Amino acid sequence: MGMTHIVDRRLNGKNKSAVNRERFLRRYRHHIKKAVAEAVHKRSITDVERGEKVSIPTRDIDEPIFHHGQGGRREVVHPGNQDFVAGDMIPKPQGGGGQGGGQGQASPDGEGMDEFAFQITQEEFLDFLFDDLELPNLARKKLKDTEAFKYVRAGFTNQGIPAKLDVVRSLRGAHARRLGLGGARKKKIKDLEKQLEALKSAPEDLDPAFSHEDQIKVLEDEIARLKANVRRIPFIDEIDLRYRQHVKQPKPATSAVMFCLMDVSGSMTQMHKDIAKRFFILLYLFLKKNYKKIDVVFIRHHTSAKEVDEEEFFYSRETGGTIVSSAIKLMHKIIESRYSPAEWNIYAAQASDGDNWNDDSPVCGKLLADSILPLVQYYAYVEITPQDHQMLWYEYEKIMERFPQSFAMQQIADPGEIYPVFRQLFERKAA
Amino acid sequence: MSSIVDRPNVPESDQPGARKPISTGSEWTFDLIQQYDDEIAKCAGEFGLDTYPNQIEVISAEQMMDAYSSVGMPVGYHHWSFGKQFLNTAKGYQRGQMGLAYEIVINSNPCIAYLMEENTLPMQALVIAHACYGHNSFFKGNYLFRTWTDASAIIDYLVFARNYVAECEERHGVDAVEEILDSCHALMNYGVDRYKRPPPISAAEEARRQKEREEYQQRRINDLWRTIPRPEDDDDPVKRQRRFPEEPQENLLYFIEKNAPLLETWQREIIRIVRKLGQYFYPQRQTQVMNEGWATFWHYTLLHRMYDKGLVNDGFMLEFLQSHSAVVYQPPFNSPWYSGINPYTLGFSIFTDLRRICENPTDEDREWFPDIAGSDWLETLHFAMRNFKDESFIQQFLSPKVMRDLKLFAIENDDQEDHYMVTAIHDDPGYRPLREKLARQYNLSYREPNIQVWNVDVRGDRSLTLRHIPVDRVPLGEDTEEVVRHVHRLWGFDVHLESVDEGTVVEEYHCPPPHLDDE
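As you go down the protein sequences, you meet chains A and R in turn. The first sequence: position 361 = 361 (UniProt numbering), numbered continuously. The second sequence: position 91 = 91 (UniProt numbering), numbered continuously.
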């Protein structure tokens, strides 16, 4: 025998198909993007960190080959005859030859399913979402990084990697060990040497029977043996090594609250709101990586503002005019009653199509400057419109000049333009 | 029947008292696998199974999914279609709709067999007997494999292919390479000369590639694409009429690789790679019934031999037989689980019955198989394994008894009739026609449309014309348009495909499609 070689391959890489899978996703990115966009539409903004099921019409992913079509004359052998005899005629089912196949291998895939469905992972989901948002790589990495821990020093350990070796500690340990192991023997050597000295200096007895020589020899041998023993104590031993130990500690244990402010007046279409939703999602993802606990407050407004749940926030429609300051006032009120800036990091994202009653815009500017911006970490404003700016924009521009660190604004027409609003925020955290 | 086959020794220690099983539990260890393999190898030796050395690799379920999706190639180039396959496999597996194959075995030397770590010990033993001794001896012995594949070189070739494709991706971009591969895959089944013996796959690869490049250089200045017509051609109407190629070519990929006017060298090399893989898989496509039947027959026979020797106990046999009967289960045509004839069942039944015909022939057998009835069963089975492919194997060895056992019957579906007709069943007048019909069903040129290179308009617009010869008026499927587009991508000039039934063109496909105002 001995011809057979048995190998344990289980520890070899198992992601041999990873590249092929990635190739597949790459090829069908348009389908997947669409699925991700739909998922974003359906999901809550706090629920973007899981994978998604994607379906692609089988037709689109078929690998075509030459094969037989329907028609012509076929004969097929089947098993399990019950009562047929040669020459039996069986009427074909009426209404189309679609069924007429029944012919074993006639269909190339034999699947008959018209959807190819598969699951993309959370990471892939985010990647497609970020593609949509045109996030730069650094920002992506930061958002995807599942490392919600930081390493802190936690004393010393006797196991570790060379890079973490603590030389001073290790040598101190070695010294102590040498003392501990050698001390008793060194003391004994000293004693023996004293005796030896005494014997040597003692007067020689004339009688050879009482000669010290034997005794001296015994003592000298013993001293030599002990010295060799002491010499054999290693200068540094494995048990002396000490490594710096680090443990994972959950990252910031602080909390943040995120205010989503949106204009829901008649001029905001569902498309505007879908873009706004991505804007809120991005801020949420950012906060999620930096804070342990996040509250989200939704404030919608037209001529008056109201705190609502997410469903109502995105999907119910109103008509009528717009008074932006109503939302800012409500936000201030909520901060005062529920989110003390001493305990909460406050972030706000405001989306609008730029419409406002002209009289109201200066009020907004003043409210922001006086009562909101001093309390918040970051206030981001997007104006979702391809059109010319109105009063509110110019008012906000003045704010941006005064608060460049905590206020950002951007005019956007599609999701790819959202990221610049947050650039400063992301960069600041990078430092 | 030429070769000498060892006789199994007279059974030793068949007395039940002598039962000393190798193990009794269902957990496997590497040591136990080794012991089982040793014993199975001994049994296989008794029956004269000649195999390549085995390399058994124990892998996890995830790794099995990987192996699955690269169509059993242990090393493969990257392509999205393998990713699709992987997603499909993973989906089915995670939903529990489908178990993974217990084993995958590679036609290579040494013969690589994958064992899944989840399998119980009896399953591992079954897989070893099935793959490492059944399939392995088939790979080594069957004439198609001997002719078309070189087991000792395939792994090297796959590594070369993977590296080459990766290098092309780096140089020319993933998209450009993917396009070529897509088109080649569409024609992969048309990359084989069915009647010509191929050069061995990959032997002395370097030398040949060198030669190939020279050939290519030569071709650039070769007559074929010379644009200035030679005067003597013009004078001779016969020569002007001459088609190129002179004989229709069935190896589309080879023809394109050698003759497509615009391809770059690396593109030709990629076509060649896909062609070589098509060639490597070609024998497997034609011996499914035989190969699975042979492997199933041997796992059944070898493990029973182990039982007779007292090496396994009753519990082992019960678990083994349960898996075995699942493998050879054939749902009847009217069952919801029916999806055609199960090749394991058909092959296993034929080989098993062949042994019976040799050992206990009836009058019917003596009439149907005068040369075989009563002959040495081992020699007969080995002869059958070596010298046939599914089509001829069925034609030669399917017995009336197997047709009766499986209750086979043939149904004709003619689109010009409004009835299906039962044309033959498992009775005296039916046996021969039934056997012929079933054999034909496994004929590749009946299973796949017969399409050949018919002509290249060498002096004109360089268009390529393919010809499809329908059998029994069966037309081409709905993918055809799409495949012709792939041919066009490779050829670089107009491509026409015509279905020609008894001299008349019954259907045409064109890429690019003809302009409406041309008509």
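Quick reminder that beta carbons are idealized off the backbone N, C-alpha and C, glycines included. Just so we're clear, the structure is a prediction, and the values are computed from it rather than from any experiment.
Task: Continuous alpha helix (DSSP H) stretch holding Gln-322/R: start and end - done: 314-327
- [ ] Compute the distance between the beta-carbons of Leu-121/R and Tyr-190/R, then report whether it is under 9 Å.
- [x] no
TODO: Would you please verify whether the beta carbon of Ser-17/A is less than 9 Å from any beta carbon of chain R?
DONE: yes
TODO: For Asn-132/R, return the contacting residues in chain A, with the cut-off set at a CB-CB distance below 9 Å.
DONE: The identity of residue 132/R in the sequence shown is Cys, whereas the question assumes Asn. Result: Thr-4.
- [ ] Output, in sequence order along the chain, the residues in the segment 409-423 of chain R whose CB is closer than 7 Å to any CB in chain A.
- [x] Phe-409, Ala-410, Ile-411, Glu-412, Asn-413, Asp-414, Asp-415, Asp-418, His-419, Tyr-420, Met-421, Val-422, Thr-423
Task: Inter-residue spacing [alpha-carbon to alpha-carbon] between Tyr-284/A and Asn-290/A - done: 10 Å
- [ ] Evaluate Glu-292/R with the Cβ neighbour count: other Cβ atoms within 10 Å of its Cβ, from every protein chain shown; 16 or more gives buried, anything less gives exposed.
- [x] buried
Task: Neighbouring residues, chain R, relative to Pro-57/A (Cβ below 7 Å) - done: Near Pro-57/A there are no residues of chain R at all, since even the closest Cβ is about 13 Å away, more than 7 Å.
- [ ] Using a Cβ-Cβ cut-off of less than 8 Å, list which residues of the segment 77-95 of chain A approach chain R; keep chain order.
- [x] Val-77, His-78, Pro-79, Gly-80, Asn-81, Gln-82, Phe-84, Val-85, Ala-86, Gly-87, Asp-88, Met-89, Ile-90, Pro-91, Lys-92
- [ ] Please confirm if Val-474/R has its CB atom under 9 Å from at least one CB of chain A.
- [x] yes
TODO: Could you spell out the range, first to last residue, of the beta strand (DSSP E) harbouring Val-363/A?
DONE: Unbroken run through Val-363/A is the alpha helix (DSSP H), 360-367; no beta strand (DSSP E).
Task: Distance between Val-230/A and Tyr-243/A (C-alpha atoms, nearest Å) - done: 27 Å
Task: Start-end ranges of the beta strand (DSSP E) lying completely within the UniProt domain "SpoVR-like C-terminal" (449-502) of chain R, minimum 3 residues - done: 450-456, 464-469, 495-501
TODO: Please list, in chain order, all residues of the same chain as His-130/R whose beta carbon is under 6 Å from its beta carbon, the five residues on each side excluded.
DONE: Ala-295, His-299
- [ ] Work out the CA separation of Ala-174/A and Lys-164/A for me, nearest whole Å.
- [x] 17 Å
Task: Integer-rounded CB distance, given that Phe-244/R should sit under 8 Å from Val-500/R - done: No, Val-500/R and Phe-244/R are not in contact; Cβ-Cβ is about 18 Å, not under 8 Å.
Open item on the list: Checking the sheet assignment: what are the DSSP bridge partners for Asp-414/R?
Closed with: Arg-73/A
Open item on the list: Let me see if you follow: with CB-CB separation under 9 Å, is His-67/A close to chain R or not?
Closed with: yes
Open item on the list: Check whether the segment 131-146 of chain R and the segment 375-387 of chain R touch, using three or more Cβ-Cβ pairs below 8 Å as the test.
Closed with: yes
- [ ] Give the range of the beta strand (DSSP E) segment to which Ala-349/A is assigned.
- [x] 344-352
- [ ] Have a look at the DSSP bridge pairing and note the partners of Tyr-300/R.
- [x] Its beta-bridge partners do not exist; DSSP assigns none.
Open item on the list: Within 9 Å of any Cβ in chain R, is that where the Cβ of Leu-282/A sits?
Closed with: no
Open item on the list: Using a Cβ-Cβ distance cut-off of 9 Å, determine whether Ile-32/A contacts chain R.
Closed with: no
- [ ] Buried or exposed for Gly-25/R, please, with buried defined as at least 16 other CB atoms from any protein chain shown within 10 angstroms of its CB.
- [x] exposed
Open item on the list: Any beta carbon from chain R within less than 9 Å of Gln-70/A's own beta carbon?
Closed with: yes
- [ ] Show which residues of chain R have a CB atom less than 8 Å away from the CB atom of Met-61/A.
- [x] The question names Met, yet the displayed sequence has Ile at residue 61/A. Residues of chain R passing the Cβ test: Lys-84.
Task: CB contact check: Met-290/R to chain A, cutoff 9 Å - done: no
TODO: Report yes or no: is there a C-beta of chain A within less than 9 Å of the C-beta of Phe-281/R?
DONE: no
TODO: Tell me, please, whether the segment 78-85 of chain R touches the segment 411-418 of chain A by the rule of three or more beta-carbon pairs shorter than 8 Å.
DONE: no
Open item on the list: Less than 9 Å between CB atoms is the rule here; does Cys-511/R satisfy it with respect to chain A?
Closed with: no
Task: Under the three-state DSSP convention, the category Pro-433/R falls into - done: helix
TODO: Could you tell me if Ile-104/R is buried or exposed, where buried requires 16 or more neighbouring beta carbons within 10 angstroms of its beta carbon?
DONE: buried
Task: Three CB pairs or more closer than 8 Å across the segment 375-385 of chain R and the segment 269-277 of chain R - done: no
Task: Residue-level contact to chain A via CB, Pro-21/R, 9 Å cutoff - done: no
Open item on the list: Taking only three categories from DSSP, how would you classify His-30/A?
Closed with: helix
Task: Residue of Arg-21/A, Leu-181/A, Leu-330/A, Leu-241/A minimising C-alpha distance to Ser-69/R - done: Arg-21/A
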